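Written below as structure tokens is the structure these notes are about.
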Amino acid sequence: MGRSGSRASGGLIVSERRRYVVSIPAPPPQREARELLELVLAAASLDLPVEVVFENNAASLLSGPAAGAWLQLAEQGLASLFVVSTDDSDPFDSLAPGVTGLAAAELPLRFAQRTWIRA
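Numbering (our numbering), first residue to last: 1 to 119.
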């Protein structure tokens, strides 16, 4: 540990308290989806705590051909993945292991002290 609540990471001083949320409000085109994945991987390589929030129908990134890369982030502890539902009847039955379902009303409290990166 360096200064109070900080640690060195690749020559940088990173605050222990700061967490980052990458918010994906809709499924991006394939190239942009790849760039978002690379952004999260870059944060993980710097040991930055990062959480990815898939809103609306962006959760479609967690199924299909690109799903494996996203799900590996959670499996390897590199990022936390969340799917947000605005539909109260959705019980999140079909979420992959390592993906947490949240109601939209939970977002402000759950991620209040985070730095948001909106895709």
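C-beta: ideal position from N, C-alpha, C; glycine also.
All of these numbers come straight from a predicted model, not from anything done at the bench.
So, under 8 Å CB-CB, L62 and L71 are touching, yes? Tell me the CB distance rounded to an integer number of Å.
Here residue 62 refers to the residue found at position 62 when the sequence shown is read from its first residue. Here residue 71 refers to the residue found at position 71 when the sequence shown is read from its first residue. Cβ-Cβ separation between L62 and L71: approximately 7 Å, consistent with a contact (criterion under 8 Å).
Cα separation between R118 and A96?
The residue you call residue 118 lines up with position 118 of the sequence shown. The residue you call residue 96 lines up with position 96 of the sequence shown. Cα-Cα distance, rounded: 23 Å.
Three-pair Cβ contact test at 8 Å for the region 101-114 versus the region 35-45:
The region 101-114 is not in contact with the region 35-45.
Compare the beta carbon distance of R31 and R114 with 8 Å and say whether it is the shorter of the two.
Position 31 of the sequence shown, counted from the start, is the residue given in the question as residue 31. Position 114 of the sequence shown, counted from the start, is the residue given in the question as residue 114. Taking 8 Å as the Cβ cut-off, R31 and R114 do not qualify as a contacting pair.
Span of the beta strand (DSSP E) holding R118?
As a position in the sequence shown, residue 118 is number 118, starting the count at 1. Element bounds for R118: 114-118.
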